[in-house]
Structure formats: C-alpha cells, structure tokens
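In what follows, a single structure is set out as structure tokens and then discussed.
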Amino acid sequence: AQVGDDTQLERLLLVRNSFAGIIPPWISKLKQLQTLDLSKNNFQGAIPETIGDLSSVKYLNLLGNNLTESIPSSLGKLSEIDALILGENALQGELPASIGTLRTLQLLDVGSNELISTIPSSFSNLESLKYLVLESNRFNGTVDVLESMKNLTVLLIRSNSFSAALPDGLFSGTSDNIVVDIGDNKFTEELPTSFADMSNLVSLIGAKNSFATDATMEAVCDNSTLLVMDCDACECCE
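In the numbering used here, the protein residues as written are 3 to 240.
As structure tokens, this is what we get:
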C-alpha cells in the first residue's frame, strides 16, 4: 500500500470508523510514527508482533476493538512510549514482563479484557507511570509491585481477584490528586495508615472486598471527596 511506503508519517488517526479485519502489516513500516490511534473500530485477530518495531511511537491506542490472543512481548521495544492503551478488547493471557522495561510509560490501560495471572514483578521499574487501568479482567495475587511506582496517581483495578493487604508505601511519592478504584476484589486487612495523611486522596472506591472491620480510618473519610466502602470496614459509616 502506498501509505506503507511513507516512512515520514508521524501521526495516523483512524478513530471511530468501521475498519475491520486484522491490523494491516504495512503499519510496521512507518518508522517515524509517533502517534497511532486505531481506537473504536472493529479490528480483529492478534496485535501484530511487528508493532514493536515502531521505535518512535509515543502514543499507541487500540482501545475498543475486537482484538484477541495475547499481548505481544515485542511491545517492550517501544522505548519512547508515553501511553499504551489496549482496553476494551478480548485480549487473553498474561501481561508480558517486557512492558516493565518501558521507563517513559505514563499511562497503561488494559482494562476490560480477559487477562489473567499476576502483575509482573518487572513493573516495579515503571517509575514514570501515573495512570494504571487493569479493571475488569481476571488478575490475581498481590499488588505489592505498585509500591515502587512513585508517580502513580490513578489506580483503576476493580473487578479482579487481587488479594492480601495494600502495600504501606502506595502513593507515597506524589502530591498530585489521587483517584483509586479497588472495588470488587479480595483485599484484606486494613487500608495503609499512610492514607490517613493524604489530603490529596480525592476518590477512594473499595467496596466489595474482604477488608477488616473498621479498615478505613476516620481521617480517610475526612480527606476523600468520594469514598465508597463496605459499612463494616469504615469507621465513619453511619
């Protein structure tokens, strides 16, 4: 295709159309591409391994298609990427550990897929990450790895099977407004005591978990503009 020969193209936006079939192979020829947005179409099949060859891409959005199979580990080669958005598809398997090498990544959205297993330990290297969306999948295990993400401000992980206690150092590295949705999981024990000192905790949704009785300190109630917890896990519930 002629477009595939245009190696100087920097932005390709095909948003909200009715494109179908597989993601075309010629896209991998666009070596200068910085923005690729194919969201809200009907693309099917697997994400091509060759997408990882787009070494200049900073923004990759495949949200809202019918993509299946696993997320290719080759995405770990996108060394310049700021935003990786793969939500609202039918992606399967585990999160590739290679994503943990993306030091510039600020937004990762894989919500509303069919992903399984735990958050890779390599994600502790995502020190630039601000927005993490894992909601509505089948993830399990702890979220201890999130403690290393010192710039994290938005955490949306509801409707999974995450368990155990939230790590004490979660959100300790940012002064930006914090938005948290951890509802409908299997978290236990109490909320981190550090949450009581966070005047920047704007929203906390944690209902439908297995938190201990009075897991939510009264100071958290005072700090949060929006607080949704099960009543038996909240000191300020009336």
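Every residue gets a Cβ at the ideal spot worked out from N, C-alpha and C, and that includes glycine.
Sorted by chain position, which residues of the same chain lie with C-beta nearer than 7 Å to Ala205's C-beta, five sequence neighbours on each side aside?
Sequence check: residue 205 is Ser here, not Ala. Only Val181, Val182, Ser226, Thr227, Leu228 meet the Cβ criterion.
Taking Thr103 as the reference, which of Ile118, Ser119, Glu116, Asp84 has the closest Cα?
Of the candidates Ile118, Ser119, Glu116, Asp84, the one whose C-alpha sits nearest the C-alpha of Thr103 is Asp84.
Quick one: Cα of Met231 to Cα of Ser174, how far?
If I take the Cα positions, the gap works out to 21 Å.
Tell me the DSSP secondary structure of Ile53 in three-state form.
It is helical.
With a threshold of 16 other CB atoms inside 10 Å of the CB of Glu137, please say whether the residue is buried or exposed.
Buried.
Return the chain-ordered list of same chain residues with a C-beta closer than 7 Å to the C-beta of Lys188, the five sequence neighbours on each side being excluded.
The residues are Ser163, Phe164, Ser165, Asn211, Ser212.
Rank Ser58, Leu69, Leu148 by C-alpha distance to the C-alpha of Asn127 and give the top, closest one.
With distances taken between Cα atoms, Asn127 lies closest to Leu148.
Between the Cα of Tyr61 and the Cα atoms of Leu80, Pro74, Gln46, Pro50, which residue gives the shortest distance?
Comparing Cα-Cα distances from Tyr61 to each of Leu80, Pro74, Gln46, Pro50, the minimum goes to Leu80.
Below 8 Å between beta carbons: does that hold for Leu131 and Leu158?
No.
Along the beta strand (DSSP E) that carries Asp183, what are the first and last residues, could you check?
That run of the beta strand (DSSP E) goes 180-183.
Val59 lies in the alpha helix (DSSP H); which residues open and close that run?
Note, Val59: premise wrong, no alpha helix (DSSP H); not H, not E.
So, helix, strand or coil for Ser196, using DSSP?
Looking at Ser196 - three-state DSSP - the assignment turns out to be helix.
Measuring CA to CA, which of Leu77, Lys33, Asp178, Thr218 is closest to Ala235?
Taking only the C-alpha atoms, the option nearest Ala235 is Thr218.
Taking the alpha carbon of Pro26 as the reference point, which residue from Leu88, Gly89, Ile53, Gln10 has its own alpha carbon closest?
For Pro26, the nearest C-alpha among the options comes from Ile53.
By the three-class DSSP mapping on this structure, what secondary structure does Gly102 have?
Helix.
Express the C-alpha separation of Ser41 and Ser72 in angstroms, rounding to a whole number.
If you take the alpha carbons of Ser72 and Ser41, they lie about 18 Å apart.
Mind checking Ala3: buried by the 16 CB within 10 Å criterion, or exposed?
Unreliable placement is indicated for Ala3, whose pLDDT of 46 sits below 50; the coordinate value is still reported in the next sentence. Result: exposed.
According to DSSP, is Asn68 helix, strand or coil?
Asn68: strand per DSSP, three-state reduction.
In whole angstroms, what is the alpha-carbon distance linking Glu96 and Ser119?
Those two C-alpha atoms are separated by around 6 Å.
Thinking C-beta only, is Gly113 closer than 8 Å to Val135?
Yes. Within cutoff.
Quick one: is Asp39 buried, meaning 16 or more other Cβ sit within 10 Å of its Cβ, or exposed?
With 16 or more other Cβ atoms within 10 Å, it is buried.
So, is Val222 buried or exposed, given that buried needs 16 or more other C-beta atoms within 10 angstroms?
Result: buried.
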